[in-house]
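Below is one structure, written out as structure tokens; the observations come after it.
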């Protein structure tokens with residue numbers, strides 16, 4: 094026969110007992126399977142369940158001796174950090190920024206930490222993500238079946254003023270300290286560029302220093318020839334007066 098702790102996150106399937114005739118060997122199998130993933134993850138890898146096999150040697154109805162074999166059933170350590178990037182709800186325009194949320198869950202069964210976080214943006218060189226430094230070395234406890242213990246970060250998408258109107262793919266990645274694996278989450282964001290009217294509208298005060306030339310004037314305008322004649326007449330009159 095065999096016995097085990099039924100409070101553990103496992104199920105056992107096999108014969109309740111077997112009989113083996115004298116001077117023979119027999120084999121029987123007991124299958125051990127895990128319960129739901131969230132239940133198994135809640136079972137600490139440092140904990141164990143005792144599994145006991147009891148052998149009873151009998152002659153007729155008399156028991157000669159008993160023998161017990163015991164083993165501990167454990168679960169291996171599992172590291173699995175899973176990020177989820179939530180797309181911003183506000184519109185993003187060239188020359189502006191919007192905030193968005195990154196949630197990181199620990200779907201392993203032991204405490205883990207984020208080594209570093211990275212952002213990859215396709216087809217949009219003028220778009221960037223700021224605030225990733227806050228992810229470095231952040232400890233993440235095991236996330237339970239209710240979603241508790243998630244770590245939430247607020248990041249910022251920044252589009253330069255020269256950004257063209259385009260839909261960009263943004264990918265956020267986190268690296269696990271436990272298994273050194275990198276997992277990611279992605280979303281698309283549309284960047285709106287200023288309209289042509291807004292781009293071509295002159296800035297007020299831009300032409301303040303440009304001199305204004307009127308198209309017409311009521312004052313008399315003398316040609317160069319007339320000025321020379323007038324100057325010559327004046328010189329002649331001046332000489333006569335001095336005589």
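In the numbering used here, the protein residues as written are 94 to 336.
Ideal Cβ positions, reconstructed from N, Cα and C, are used throughout, including at glycine.
All figures in this text were calculated on a predicted structure; none of them were measured in a lab.
Any chance you could list the beta strand (DSSP E) runs of at least 3 consecutive residues sitting entirely within the region 191 to 236, in chain order?
205 to 215, 220 to 223 and 231 to 233
Decide if residue 202 is buried, meaning its Cβ has at least 16 other Cβ atoms within 10 Å, or exposed.
Counting from 1 along the chain shown, the entry for residue 202 is found at position 109. It counts as buried.
Would you identify the three-state DSSP class for residue 165, choosing helix, strand or coil?
Stepping through the chain shown from its first residue, residue 165 is reached at position 72. The answer is strand: DSSP assigns residue 165 an E or B state.
Can you give me the Cβ contacts of residue 271 inside the same chain, cut-off strictly under 6 Å, excluding the 5 residues immediately before and after it?
As a working mapping, residue 271 is identified with position 178 in the chain shown. The answer, listed in chain order, is 172 and 205.
Are the beta-carbon atoms of residue 257 and residue 187 separated by less than 9 Å?
Here residue 257 corresponds to residue number 164 of the chain shown, with the count starting at 1. Here residue 187 corresponds to residue number 94 of the chain shown, with the count starting at 1. Yes, the pair counts as a contact, with Cβ atoms nearer than the cut-off.
Skipping 5 residues on each side, what residues in its chain have a beta carbon closer than 6 Å to that of residue 157?
The count along the chain shown starts at 1 and reaches residue 157 at position 64. For residue 157, where only same-chain residues beyond five positions count, the Cβ hits under 6 Å are 150.
Do you know how far the Cα of residue 120 is from the Cα of residue 147?
Counted from its first residue, the chain shown places residue 147 at position 54. Counted from its first residue, the chain shown places residue 120 at position 27. Cα to Cα, the separation comes out at about 14 Å.
Buried or exposed for residue 176, going by 16 or more other Cβ atoms inside 10 Å?
Walking along the chain shown from the start, residue 176 turns up at place 83. With 16 or more Cβ atoms within 10 Å of its Cβ, residue 176 is classed as buried.
How do the region 207 to 222 and the region 263 to 283 stand: do at least 3 beta-carbon pairs fall below 8 Å, yes or no?
yes
Would you call the region 120 to 136 and the region 228 to 238 touching, i.e. three or more CB-CB distances under 8 Å?
yes
So if DSSP puts residue 259 in a beta bridge, which residue, or which two residues, is it bridged to?
Locating residue 259 in the chain shown gives position 166, where the first residue counts as 1. Paired residues: 284.
Could you check which residue in 191, 94, 135 and 183 has the C-alpha nearest to that of residue 112?
Here residue 112 refers to the residue found at position 19 of the chain shown. Ranking the options by Cα distance to residue 112, first place goes to 94.
According to DSSP, simplified to helix, strand and coil, what is residue 337?
Past the edges of the chain, shown from 94 to 336, lies residue 337, and the structure says nothing about it.
Just checking my contact of residue 228 with residue 246 at CB under 8 Å: how many whole Å lie between their CB atoms?
In the chain shown, counting from the first residue as 1, residue 228 sits at position 135. In the chain shown, counting from the first residue as 1, residue 246 sits at position 153. That pair is a contact at about 6 Å.
Please classify residue 110 as buried or exposed, where buried requires at least 16 neighbouring CB atoms within 10 angstroms.
In the chain shown, the residue the question calls residue 110 occupies position 17. That one is exposed.
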